[in-house]
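Asks: Just passing along the structure, written as structure tokens.
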Amino acid sequence: PLGTAFGAITSVNAALGALGRIQEIIELPTESANDREIAPLAGVSPDELRALLATDDSALEFDDVHFAYALNDSDEADPANESVDEHQPEGNVTDRQPVLHGVSFAAPRGKRTALVGPSGAGKSTILALIERFYDPSVGVVRLAGLDIRGLSRTELRAQIGYVEQDAPVLAGTLRENLKLATPDASDEECERVLRAVNLGEVLERNPLGLGAPVGEDGVMLSGGERQRLAIARALLAAPPILLLDESTSSLDGVNEQMMRAAIDAVAEGRTLIVIAHRLSTVVDSDQIVVLDHGEVVGVGTHSELVQSTPLYKELAKHQLLV
Ligand code: ATP
335 PLGTAFGAIT SVNAALGALG RIQEIIELPT ESANDREIAP LAGVSPDELR ALLATDDSAL
395 EFDDVHFAYA LNDSDEADPA NESVDEHQPE GNVTDRQPVL HGVSFAAPRG KRTALVGPSG
455 AGKSTILALI ERFYDPSVGV VRLAGLDIRG LSRTELRAQI GYVEQDAPVL AGTLRENLKL
515 ATPDASDEEC ERVLRAVNLG EVLERNPLGL GAPVGEDGVM LSGGERQRLA IARALLAAPP
575 ILLLDESTSS LDGVNEQMMR AAIDAVAEGR TLIVIAHRLS TVVDSDQIVV LDHGEVVGVG
635 THSELVQSTP LYKELAKHQL LV
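Going by UniProt numbering, the sequence shown opens with residue 335, and the numbers climb by one from there.
See below:
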């Protein structure tokens, strides 16, 4: 009986420890709790916002945006909260690592904008600010002319699709992977988007079609195919704006061509912002924004930038052998 009692005490202690950790998680601030909206857009419904996006020429705009990551964890847990003061000079930001220094550019509606630049230049940070994972320290990000801090994250993200780098494939069927964000999508729609990104072949080679298991225990997909699956998933949701952090996976010639075709499919009729790790995928973009050390050092088409921007010319020389 004594042994049983000691066993019970140990179990209770372990359970109390776990309970404490669960409580810590419950008490973590949620994004919406931090959502200090500085300019609530009274009366702008998601439908009206979508309508604005369909007519405003500048879909997305960065206006003199400065940003610094918090260097300690407690600041990190509350990313959007401290930075709502538009007039807070960057110099006053202590314990922070400045990453963007006065970034300005506009992504025109329905066009393809590529972000290029060396590693650490700030490309992913720009996408993180568009998604409002963080807010700028200084400056404004606008969606259809509206300061995005005036939109709830839910409203904002309903307009923006995000295909991350090396997107994970969940263990499940192709269908389940596709319908994560759009559970009502029909099989026909699923097949259409798969074919649009050149994954029709995965359907054909598998007798179970959309019911084919993928991931660890199913059809293995290459890095490029995984990202095309993520692009297909984003296509199903049909957002007016799509952010794409191009996969860094090395692609052979055929796969690279398929990726370019997938990006073309996804660009059709929407504003696309692509972080490009390979210039070959973006040379025909409507606009390329060149970043270096958190600053925009050039904006233009491929042929304009080769003439005007030494850093771009250098990147092109290495990657495209011009
Ligand atoms: P890459 O091409 O390597 O992905 P990038 O141009 O996307 O680079 P970012 O990822 O935006 O660059 O990083 C810009 C700078 O910000 C880098 O110095 C990076 O170390 C820093 N950084 C990025 N994320 C964080 C974070 N969560 N906390 C602190 N610093 C960060």
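We put the beta carbon where it would ideally sit given N, CA and C, even for glycine.
Model, not experiment: these values are computed from the prediction.
Go ahead and pull the three-state DSSP assignment for residue 631.
Replies: Here the question's residue 631 lines up with position 297 in the sequence shown. Note: residue 631 maps to strand in three-state DSSP.
Asks: Tell me which same chain residues have a C-beta within less than 6 angstroms of the C-beta of residue 425, skipping the five on either side of it?
Replies: Position 91 of the sequence shown, counting from 1, holds the residue named residue 425. Note that residue 425 has pLDDT 43, beneath the 50 cutoff, so the model's placement of it is unreliable and no number is given.
Asks: Confirm the yes/no value for this check: CB of residue 455, any heavy atom of the ligand ATP, distance under 7 angstroms.
Replies: The residue labelled residue 455 in the question sits at position 121 within the sequence shown. Yes.
Asks: Should residue 536 go down as buried or exposed, given a rule of 16 or more other Cβ atoms within 10 Å for buried?
Replies: Translated into the one-based positions of the sequence shown, residue 536 becomes position 202. Buried.
Asks: Give me the Cα-Cα distance between residue 475 and residue 570, rounded to the nearest whole angstrom.
Replies: On the sequence shown, residue 475 is found 141 positions in, with the first residue counted as 1. On the sequence shown, residue 570 is found 236 positions in, with the first residue counted as 1. The straight-line gap from Cα to Cα measures roughly 26 angstroms.
Asks: Report the partner residues of residue 605 according to the DSSP bridge assignment.
Replies: Residue numbering aside, residue 605 sits at position 271 when the sequence shown is read from its first letter. Paired residue(s): 575.
Asks: From this set, 404, 477, 581, 574, which residue's C-alpha is nearest residue 563's C-alpha?
Replies: Your numbering for residue 563 matches position 229 in the sequence shown. The option with the nearest alpha carbon to residue 563 is 581.
Asks: With respect to 7 angstroms, is the separation between the Cβ of residue 433 and the closest non-hydrogen atom of the ligand ATP below this value?
Replies: Counting from 1 along the sequence shown, the entry for residue 433 is found at position 99. Checking every heavy atom of the ligand ATP against the Cβ of residue 433, one is found closer than 7 angstroms.
Asks: DSSP on residue 476, reduced to helix/strand/coil?
Replies: Here residue 476 refers to the residue found at position 142 when the sequence shown is read from its first residue. DSSP places residue 476 in strand when its eight states are reduced to three.
Asks: Using DSSP with H/G/I as helix, E/B as strand and the rest coil, what is residue 516?
Replies: Mapped onto the sequence shown, residue 516 falls at position 182. If DSSP states are grouped into helix, strand and coil, residue 516 belongs with coil.
Asks: How long is the line joining the alpha carbons of residue 509 and residue 576, rounded to whole angstroms?
Replies: As a working mapping, residue 509 is identified with position 175 in the sequence shown. As a working mapping, residue 576 is identified with position 242 in the sequence shown. Their backbone Cα atoms lie some 21 angstroms apart in a straight line.
Asks: Return the Cβ separation of residue 404 and residue 430 in integer angstroms, given the expectation that the two are a contact with Cβ distance under 8 angstroms.
Replies: One-based indexing of the sequence shown puts residue 404 at position 70. One-based indexing of the sequence shown puts residue 430 at position 96. At roughly 6 angstroms, the Cβ-Cβ gap stays under 8 angstroms, so residue 404 and residue 430 are in contact.
Asks: Alpha carbon to alpha carbon, how far is residue 636 from residue 595? Give it in angstroms, no decimals.
Replies: Translated into positions along the sequence shown, residue 595 becomes position 261. Translated into positions along the sequence shown, residue 636 becomes position 302. Cα to Cα, residue 595 sits roughly 19 angstroms from residue 636.
Asks: With a threshold of 8 angstroms, are at least 3 pairs of Cβ atoms found where one atom belongs to the segment 624-632 and the other to the segment 472-488?
Replies: Flag = no, the segment 624-632 and the segment 472-488 do not touch.
Asks: Closest by CA to residue 557, which one among 529, 621, 499, 514?
Replies: Position 223 of the sequence shown, counting from 1, holds the residue named residue 557. It is 499 whose Cα lies nearest to the Cα of residue 557.
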